[in-house]
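Below is one structure; the comments refer to it alone.
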Amino acid sequence: MLTSIAGAAISRTQALEGFVTAEAFYKQGEFAQAASAYEEILTAGGESGAIYYNLGNTYYKMGELGKAMLNYEKARQLIPRDSDLNFNYHYLRSKLGLTDPAVSMNF
1085 MLTSIAGAAI SRTQALEGFV TAEAFYKQGE FAQAASAYEE ILTAGGESGA
1135 IYYNLGNTYY KMGELGKAML NYEKARQLIP RDSDLNFNYH YLRSKLGLTD
1185 PAVSMNF
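Written out as structure tokens, the structure reads:
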């Protein structure tokens, strides 16, 4: 799902073209360019769970784990049941040493 942020005007076609460009950079291992392309879509008003998820993956590959977590959290607001997203989100949380107090309590 692609939504528009108030005051921003990006067409679905423009967002899709940007998304395809970002994916191509990612597949080529050009993570900085991929991140820039995903960020451009968001800045222009395009928003979707897939964009945030892929941006999270891109930042993870760049070693920017805080930015990866932030984008995974934004993606979870839009696509909370996505199994790949949830796996990556929980994996990164464990890698960062973040635990859910309810899960770690001994009963």
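The numbering of the sequence shown is my numbering, which starts it at 1085 and goes up by one.
Using N, Cα and C, we set each Cβ at its ideal position, and we do this for glycine too.
Between residue i and residue j, how many whole angstroms is the CB-CB distance? I'm expecting something under 8 Å.
i	j	result
Arg1160	Leu1149	The pair is not a contact, with the Cβ atoms about 16 Å apart (cut-off 8 Å).
Tyr1122	Lys1158	Rounded, the Cβ-Cβ distance is 12 Å, inconsistent with contact.
When you compare the CB positions of residue i and residue j, do they come within less than 8 Å of one another, or not?
i	j	result
Tyr1143	Ala1119	yes
Tyr1156	Gly1130	no
Ile1163	Gly1133	yes
Met1146	Phe1115	yes
Asn1138	Tyr1110	yes
Taking the straight line between their C-alpha atoms, what separation do you get for residue i and residue j?
i	j	result
Ala1108	Asn1172	21 Å
Arg1177	Gln1112	27 Å
Arg1096	Gln1117	21 Å
Thr1183	Ser1167	19 Å
Glu1124	Lys1151	16 Å
Leu1126	Gly1102	10 Å
Met1189	Gly1181	Legend: pLDDT at Met1189 = 44, less than 50; position of this residue unreliable, value from coordinates given subsequently. Cα-Cα distance, rounded: 15 Å.
Ala1099	Ala1128	9 Å
Could you check whether the Cβ of residue i sits closer than 7 Å to any heavy atom belonging to the ligand MN?
i	result
Pro1164	Only the bare structure without any ligand can be found here, which leaves the ligand MN out of the picture.
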